[in-house]
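Protein chains in written order, with the numbering used here: chain A, 41 to 868; chain B, 242 to 451.
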């Protein structure tokens with residue numbers, strides 16, 4: 041019987057007219073509450089805490105009335121009757137889908153290859169029970185991958201490990217102590233519109249009220265960041281140059297925090313001048329120069345600086361095994377690299393329409409206002425193959441500014457992580473007892489296609505997934521069936537021509553979702569998944585607001601209504617499959633309670649005297665602590681134990697490692713450098729760049745009538761391609777004209793990191809001529825250009841950049857060059 | 242006597258579009274029909290690359306003290322209540338569209354399925370505050386009684402920080418804006434341009450053939 045398993049499918053917590061405490065899943069999980077009458081949501085509000093002020097935004101409202109209640113909501117299991125991609129689907133029964141999945145798994149298990157089956161999951165804030173899905177995979181022996189994660193922020197994560205040793209990670213701007221910031225330079229982010237969640241807008245307002253100046257570096261003036269003070273139209277791919285120019289001026293003008301550099305970075309570390317390799321003593325300790333004794337000594341641990349020197353302008357002679365070796369400090373080597381990036385050269389290379397003095401002014405504003413300044417490379421990552429080094433350049437700027445754990449700089453929350461809400465494994469059986477591969481201990485890096493290259497040392501463990509290996513595996517017949525949830529690889533991945541080719545080869549594709557999308561068209565079976573209003577999940581966020589406090593907020597996304605139609609939670613489906621596999625497999629799932637018990641175990645592990653039901657009925661649990669600026673709160677787990685300007689990991693693991701596939705690659709040079717990307721050359725050639733409107737975030741906001749309402753867009757028509765007005769005029773193209781956009785590069789010849797080209801992709805779109813875009817760029821919004829005829833017609837207009845971007849593989853950090861496309865634009 | 246008004250503090254508006262979506266859902270307006278909106282946006286660029294500003298303002302109904310839409314309405318469907326809100330009596334409206342052309346703020350639109358005009362009424366039936374006020378991400382929309390000197394709207398208006406649009410038309414709009422410093426845009430001119438375009442569209446539609 042399908043209802044035997046205790047999944048609590050009807051365990052929606054609402055009673056008539058009662059508020060259910062829950063959380064939005066349309067972007068970054070704001071705690072909200074909903075009221076239900078007559079079985080329908082009738083009202084949605086923010087939670088009452090002053091600091092939360094998470095007003096229910098356009099995405100949340102549209103996520104209810106434009107998604108959960110969408111007229112084209114998928115309410116029944118479907119099966120394909122046409123060709124893959126035709127979108128010809130008919131209703132079928134749950135039994136058929138469950139049996140198709142189970143029999144395929146059984147087939148693979150019997151031939152000794154359960155890894156032929158893989159789960160692809162989407163954003164951790166939107167996926168149903170990703171930790172359970174990992175447990176499921178570990179028991180059954182299938183694979184699981186955060187396929188989308190690498191496109192999103194995988195290389196950011198690697199850089200935070202390489203440069204900061206996990207002590208710091210400013211993936212999002214809520215890592216900035218913005219209420220106390222005086223000057224903020226932000227790159228490639230539609231701020232504050234896309235950072236409003238969870239107190240972000242409160243922080244912005246307070247920063248403004250206190251006089252903070254905001255500068256935005258972006259090839260295009262984005263819809264929300266147009267409210268900021270200054271727009272810097274940078275040529276795509278030149279962000280590293282900009283940062284190196286800032287480094288040059290900060291060092292030249294001595295606008296750096298010497299004490300911070302000496303205590304917390306490896307600026308004083310000695311590097312051999314002859315071969316660029318770090319100096320170590322007989323015990324393997326990294327060496328620095330001791331100014332007091334005039335000799336080298338082991339570099340002290342973080343927090344100490346006695347006798348250390350930055351060594352700028354100096355060469356040190358050190359005796360090594362009877363030989364005198366010339367050395368320089370890491371900071372001196374950095375200074376030599378950055379000295380090539382004078383203000384004049386930065387202006388020229390970045391094609392900035394400003395003077396060199398203007399650039400000096402930006403560096404001076406950062407330097408003179410330090411450490412209450414922010415220099416931010418943007419949310420998400422990997423726009424171009426050089427992006428890992430771009431992030432490294434940005435980090436060194438921040439090191440020089442000494443803006444860590446100081447008011448107005450970068451701040452790491454101190455208390456929330458201790459609860460372990462997001463890391464505590466609620467698995468009923470310890471991982472070592474389970475049947476599947478041991479490297480599955482979480483939903484991340486949990487596929488052989490990710491884990492093996494990481495275990496070989498070819499990629500840093502911080503990568504989220506290595507999608508190209510999965511696509512290769514499908515094409516080679518080593519990955520044969522995929523079940524996907526909260527994810528649209530048919531749109532979000534890169535080099536989509538190849539992705540679709542791979543999907544064609546699958547034995548079985550099961551797509552779990554609520555509304556039509558490209559991936560649904562390709563599916564053999566479609567699971568009507570319960571929406572975010574219809575299922576439970578546990579979260580913890582630290583929200584700081586404007587009062588210098590850490591409000592650790594533990595909350596449930598409580599089901600407000602039961603799953604609509606025949607829809608069910610994905611975890612119910614997975615349990616049904618497990619039950620049919622039976623035997624030892626089912627033994628690991630029997631009696632499991634995924635609605636409350638799973639979360640209650642995590643809450644108990646955290647030492648909290650509250651249950652998941654309490655949180656749904658009464659609202660978030662908030663534990664408040666004053667902010668504490670403290671560099672020693674977390675260890676710095678780099679090889680030197682300090683923030684690294686010269687990365688010992690990159691040097692030893694990659695650049696100088698004869699076994700590494702990245703040996704001598706400039707993309708893993710131990711010091712941050714700029715690596716050029718291919719450039720448009722012809723009169724009608726552009727970089728094709730992509731960005732998100734404030735009201736479109738990810739898969740969840742797609743195919744939503746409210747969010748695709750034309751009148752909502754104002755002067756930002758979502759389906760147009762944006763081109764600089766002067767360039768359009770030179771090409772004889774007017775606003776509104778129909779143009780053909782064709783991918784012409786980068787090719788393998790243009791860029792050695794290109795693995796599979798996307799040349800030849802073509803699409804038509806209407807032009808919008810604007811003043812607010814760099815002349816070399818042509819911009820399209822994310823979230824349009826879909827292929828599925830089942831989607832809103834307007835969603836199919838415009839251009840999906842994924843078809844135009846080739847596969848590039850960033851060495852070691854795995855950045856995917858998601859913004860890297862060169863196109864020709866011609867009128868039709 | 243109560244006289245409701247609104248202030249949009251554009252210094253803190255982050256342009257999230259939450260006001261728009263909240264309005265649509267709260268008032269049951271279709272998201273799929275162009276032009277069906279009680280709240281519209283006027284958004285445009287000013288300047289030349291690279292010195293570019295993008296202006297953005299919300300345009301609900303201004304709930305004018307002396308509303309031209311009420312004056313031109315031939316059936317009396319449009320009227321002002323004793324709280325200063327301009328309402329539509331759907332039973333009386335014949336969908337003639339005079340108000341659509343007459344209003345310089347573009348507040349009115351014709352719901353062609355129902356054959357009547359629709360417009361912002363400060364969420365009159367909701368009974369509390371307008372949905373846009375509740376949804377504003379940055380809490381930068383204020384709503385209250387302009388006749389109450391203690392209300393936030395009154396304070397912003399009386400301080401001189403909040404100003405109306407096209408006050409020179411003499412209709413006494415009761416929606417005000419606080420501009421970003423240094424960003425006083427040419428909105429008035431743009432509004433007039435839109436107004437003229439609406440008039441021209443109607444004029445073309447009724448122009449005799451031959």
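C-beta: ideal position from N, C-alpha, C; glycine also.
Chain B residues whose Cβ lies nearer than 7 Å to that of residue 810/A: Here residue 810/A refers to the residue found at position 770 when the first chain is read from its first residue. Under a criterion of Cβ atoms nearer than 7 Å, the residues of chain B adjacent to residue 810/A are, in order, 286.
Close beta carbons around residue 451/B, own chain, < 6 Å, minus the five adjacent residues each side: Residue numbering aside, residue 451/B sits at position 210 when the second chain is read from its first letter. For residue 451/B, the predicted structure reports a pLDDT of 45, less than 50, and the residue's modelled location is therefore unreliable. A value from the coordinates is still provided. No residues qualify anywhere along the chain.
Rounded straight-line distance, which links the Cα of residue 328/A to that of residue 348/A: By 1-based counting over the first chain, the position of residue 348/A is 308. By 1-based counting over the first chain, the position of residue 328/A is 288. Going by the C-alpha atoms only, they are around 7 Å apart.
Per-residue burial, residue 245/A [other beta carbons within 10 Å of its own, 16 or more giving buried]: Along the first chain, read from residue 1 onward, the residue named residue 245/A stands at position 205. Counting other Cβ atoms within 10 Å of its Cβ, residue 245/A reaches 16 or more and is therefore classed as buried.
Closer than 9 Å at the beta carbon, the chain B residues around residue 106/A: Residue numbering aside, residue 106/A sits at position 66 when the first chain is read from its first letter. Those within 9 Å of residue 106/A in chain B are 262, 266, 272.
Distance, residue 798/A Cα to residue 585/A Cα: As a working note, residue 585/A is residue 545 in the first chain. As a working note, residue 798/A is residue 758 in the first chain. The alpha-carbon of residue 585/A is positioned some 44 Å away from that of residue 798/A.
Outcome for residue 353/B when other beta-carbon atoms lying within 10 angstroms are tallied against a minimum of 16: Translated into positions along the second chain, residue 353/B becomes position 112. Exposed, by the Cβ-count rule.
is_contact[residue 159/A, chain B] using C-beta, thresh 7 Å: The residue you call residue 159/A lines up with position 119 of the first chain. No, residue 159/A does not count as interfacial toward chain B.
Nonlocal neighbours in the same chain, by C-beta distance under 8 Å from residue 658/A, ignoring five residues either side: Counting from 1 along the first chain, the entry for residue 658/A is found at position 618. 61, listed in sequence order.
Cutoff 7 Å: residue 431/B Cβ touching any chain A Cβ: Locating residue 431/B in the second chain gives position 190, where the first residue counts as 1. It does not; no Cβ of chain A falls within 7 Å.
Beta-carbon gap between residue 262/B and residue 811/A smaller than 7 Å: In the second chain, counting from the first residue as 1, residue 262/B sits at position 21. In the first chain, counting from the first residue as 1, residue 811/A sits at position 771. The beta carbons of residue 262/B and residue 811/A sit no closer together than 7 Å.
Stretch pair the segment 680–698 of chain A + the segment 308–321 of chain A: three plus CB contacts closer than 8 Å: yes
Enclosing alpha helix (DSSP H) for residue 424/A [first to last residue]: Taking the first chain and counting its residues from 1, the one referred to as residue 424/A is at position 384. Residue 424/A -> no alpha helix (DSSP H), and no H or E assigned at all.
Inter-residue Cα distance where the pair is residue 830/A and residue 110/A: The residue given as residue 830/A occupies position 790 in the first chain. The residue given as residue 110/A occupies position 70 in the first chain. Computed Cα separation, rounded: 13 Å.
Short CB-CB distance (under 7 Å) between residue 245/A and chain B: On the first chain, residue 245/A is found 205 positions in, with the first residue counted as 1. Yes, residue 245/A counts as interfacial toward chain B.
Beta-carbon proximity of residue 426/B to residue 414/B, cut-off 7 Å: Looking up residue 426/B in the second chain gives position 185. Looking up residue 414/B in the second chain gives position 173. No, the Cβ-Cβ distance between residue 426/B and residue 414/B is not below 7 Å.
Rounded C-alpha distance that separates residue 495/A from residue 702/A: Stepping through the first chain from its first residue, residue 495/A is reached at position 455. Stepping through the first chain from its first residue, residue 702/A is reached at position 662. Rounded to the nearest angstrom, the two C-alpha atoms are 15 Å apart.
Close beta carbons around residue 803/A, own chain, < 6 Å, minus the five adjacent residues each side: Walking along the first chain from the start, residue 803/A turns up at place 763. For residue 803/A, where only same-chain residues beyond five positions count, the Cβ hits under 6 Å are 781, 839.
According to DSSP, residues forming a beta bridge with residue 768/A: Residue 768/A sits at position 728 when you count from the first residue of the first chain. Note: residue 768/A sits in no beta bridge, so no partner.
Inter-residue Cα distance where the pair is residue 666/A and residue 697/A: In the first chain, the residue the question calls residue 666/A occupies position 626. In the first chain, the residue the question calls residue 697/A occupies position 657. So the alpha carbons of these two residues sit roughly 45 Å apart.
Buried versus exposed call for residue 154/A [16 or more other C-beta atoms within 10 Å across all chains shown]: In the first chain, counting from the first residue as 1, residue 154/A sits at position 114. Buried, since its Cβ has 16 or more Cβ neighbours within 10 Å.
Check: residue 337/B C-beta below 6 Å from any heavy atom of the ligand GDP: Absence of the ligand GDP from the depicted structure is noted, as is the absence of any ligand whatsoever, leaving it without description.
CB contact check: residue 486/A to chain B, cutoff 7 Å: Your numbering for residue 486/A matches position 446 in the first chain. So no, residue 486/A is outside the interface.
Cα-Cα separation between residue 59/A and residue 595/A, rounded to whole angstroms: Taking the first chain and counting its residues from 1, one reaches residue 59/A at position 19. Taking the first chain and counting its residues from 1, one reaches residue 595/A at position 555. Here the alpha carbons of residue 595/A and residue 59/A stand approximately 14 Å from one another.
Same chain, Cβ closer than 6 Å to residue 801/A, five either side skipped, listed in chain order: Position 761 of the first chain holds residue 801/A. Result list for residue 801/A: 783, 843, 844, in chain order.
Outcome for residue 106/A when other beta-carbon atoms lying within 10 angstroms are tallied against a minimum of 16: As a first step, residue 106/A must be located in the first chain, where it is residue number 66. Answer is buried; the Cβ neighbour count reaches 16.
Those residues which DSSP pairs with residue 679/A across a bridge: In the first chain, the residue the question calls residue 679/A occupies position 639. The secondary-structure analysis by DSSP pairs residue 679/A with nothing; it has no beta-bridge partner.
Segment limits, beta strand (DSSP E) that includes residue 367/A: Translated into the one-based positions of the first chain, residue 367/A becomes position 327. In the DSSP assignment, residue 367/A falls within the beta strand (DSSP E) that extends over 363–369.
Cβ-based neighbour list, residue 506/A, same chain, cut-off 7 Å, excluding 5 preceding and 5 following: For the purposes of this step, residue 506/A is taken as the residue at position 466 of the first chain. For residue 506/A, where only same-chain residues beyond five positions count, the Cβ hits under 7 Å are 190, 489, 490, 493, 499, 854.
Cross-chain neighbours of residue 267/A in chain B, by beta carbon under 9 Å: Looking up residue 267/A in the first chain gives position 227. Those within 9 Å of residue 267/A in chain B are 251, 252, 253, 254, 255, 256, 295, 297, 421, 424.
Residues, ordered as in the chain, of the segment 734–757 of chain A that lie near chain B by beta-carbon distance below 9 Å: 734, 735, 744, 745, 746, 747, 748, 749, 750, 751, 752, 753, 754, 755, 756
Residue 241/A at chain B interface by Cβ criterion, 7 Å: Mapped onto the first chain, residue 241/A falls at position 201. Chain B contact via Cβ: present.
Start-end ranges of the beta strand (DSSP E) lying completely within the segment 476–547 of chain A, minimum 3 residues: 521–525
Amino acids of chain A, ordered along the chain, whose beta-carbon sits closer than 8 Å to that of residue 276/B: The residue you call residue 276/B lines up with position 35 of the second chain. The answer, in chain order, is 751.
Reduced DSSP category for residue 266/B - H, G, I as helix; E, B as strand; rest coil: For the purposes of this step, residue 266/B is identified with residue 25 of the second chain, where counting begins at 1. DSSP places residue 266/B within a helical segment (H, G or I) once states are collapsed to three.
Distance between residue 346/B and residue 577/A (C-alpha atoms, nearest Å): Residue numbering aside, residue 577/A sits at position 537 when the first chain is read from its first letter. Residue numbering aside, residue 346/B sits at position 105 when the second chain is read from its first letter. For residue 577/A and residue 346/B, the distance between alpha carbons rounds to 45 Å.
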